[in-house]
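Following: one structure in structure tokens, then a few remarks.
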Amino acid sequence: MDMRGTTAPPIGFVQFCKEHLADCVGTAPAAVRVPMSKARWDELVAVNAYVNRVIEPVTDEDLYGVAEYWTYPRQGKGDCEDYVLLKRKMLMDRGWPVTSLLITVVRDTKNQGHAVLTVVTDRGDYVLDNQQAQVLPWNQTEYRYVKRQSQFDVARWDTIEDRRTDTVASTGR
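Under the working numbering, the first residue of the sequence shown is numbered 1, with each subsequent residue one higher.
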């Protein structure tokens with residue numbers, strides 16, 4: 001994934017950080033690529049499957065009466081950002097560095113905004129997604145990547161230059 005410079009964070013992220021400051025700090029002098037092992041892979045798959053199974057997808061509008069509200073799932077319900085936040089927290093609690101667990105904004109197959117968790121490893125960047133049971137390399141998803149947290153400072157966001165020619169945006173799928 002190529003970064004193209006700093007951009008504004010999503011407004012929901014800004015609001016989330018006001019409420020959960022401790023979850024929005026983390027810096028690294030160099031990009032952290034977690035060494036992937038079978039145990040680490042199994043953690044990614046298990047966390048993705050667990051959160052996808054126990055959280056019911058509900059829009060912020062239906063749950064909170066507002067268009068956008070990022071938080072940890074409540075009452076077993078949440079939208080895509082809420083899934084991402086819980087997966088990220090569960091992996092951090094298991095010792096994964098916060099600078100390798102990056103909230104990422106994409107455009108889905110319907111050209112709608114969507115959030116996924118990108119996990120940066122020594123074997124590439126993997127995506128945990130509430131719309132996908134499998135953990136996939138980022139470049140094997142059908143999404144168009146827009147922006148994500150910086151690997152150097154998780155409070156900062158970077159624009160993604162998605163150069164793939166077979167992405168959703170270029171195929172019209």
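C-beta: ideal position from N, C-alpha, C; glycine also.
Contact between T121 and V34 holds: their C-beta atoms lie close to 5 Å from each other, under 8 Å. P137 and V105 have their C-alpha atoms roughly 15 Å apart.
Spatial neighbours of T7 in its own chain (CB-CB distance under 6 Å, excluding positions within 5 residues in sequence) are listed in chain order as K147, W157, T159. In this chain, L21 is not harboured by any alpha helix (DSSP H), its DSSP state being neither H nor E.
Under the DSSP assignment, D60 falls in the alpha helix (DSSP H) whose first and last residues are 60-64. Note on the segment 91-120: whole beta strand (DSSP E) runs with a minimum of 3 residues are 101-107, in chain order. Taking the C-beta atoms as reference points, L117 is found nearer than 8 Å to K87. Residue burial annotation: S37 is exposed, with fewer than 16 other C-beta atoms found within 10 angstroms of its C-beta. In the DSSP assignment, R144 falls outside any alpha helix (DSSP H) and lies within the beta strand (DSSP E) extending over 144-149. Approximately 4 Å separates the beta-carbon atoms of G26 and V98; this is inside 8 Å, confirming the contact. The three-state reading of DSSP puts I55 in coil, since its state is none of H, G, I, E or B.
Note on L21: under 16 other CB atoms within 10 angstroms of its CB, so exposed under the neighbour-count rule. Where D125 is concerned, the enclosing beta strand (DSSP E) starts and stops at 124-129. Each of W70, V84, V119 was checked against the Cα of E61, and the nearest Cα belongs to W70. A residue is called buried when at least 16 other Cβ atoms come within 10 angstroms of its Cβ; N48 meets this threshold and is buried. D2 and S150 have their C-alpha atoms roughly 12 Å apart. A distance below 6 Å between beta-carbons, with the five flanking residues on each side excluded, links C24 to the following residues of its chain, in chain order: C17, A155.
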